[in-house]
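In my numbering, the protein residues as written are 111 to 179.
We treat Cβ as the ideally placed atom computed from N, Cα and C, and that holds for glycine.
As structure tokens, the structure follows; a few thoughts come after it.
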């Protein structure tokens with residue numbers, strides 16, 4: 111059985127995510143967050159340590175998509 115933990119995000123961001131995922135394969139904000147975090151972790155594992163520049167690039171992409179303020 112998989113253990114879970116809770117991650118808190120601002121309500122306004124959660125509302126924006128809910129609007130964004132309408133019509134997609136994501137069923138919930140949690141689904142999207144798991145996908146994004148998994149993607150970042152996989153990229154990190156493939157490339158070794160993420161440099162600050164790579165992390166900033168990922169953050170910028172997420173900001174452009176509206177996931178980060």
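So, with DSSP's three-state summary, where would you put residue i?
i: residue 119; result: coil
i: residue 140; result: helix
i: residue 113; result: coil
i: residue 160; result: coil
i: residue 135; result: coil
i: residue 146; result: helix
Nearest-angstrom Cα distance between residue i and residue j?
i: residue 125; j: residue 118; result: 13 Å
i: residue 174; j: residue 114; result: 29 Å
i: residue 171; j: residue 112; result: 30 Å
i: residue 225; j: residue 142; result: One cannot answer for residue 225 here, as it falls past the ends of the chain, which runs 111 to 179.
i: residue 162; j: residue 134; result: 31 Å
With C-beta atoms as the reference, is residue i less than 8 Å away from residue j?
i: residue 128; j: residue 139; result: yes
i: residue 168; j: residue 150; result: yes
Check whether the Cβ of residue i sits closer than 7 Å to any heavy atom of the ligand GDP, and report yes or no.
i: residue 121; result: Here there are no bound small molecules, and the ligand GDP is not part of this structure.
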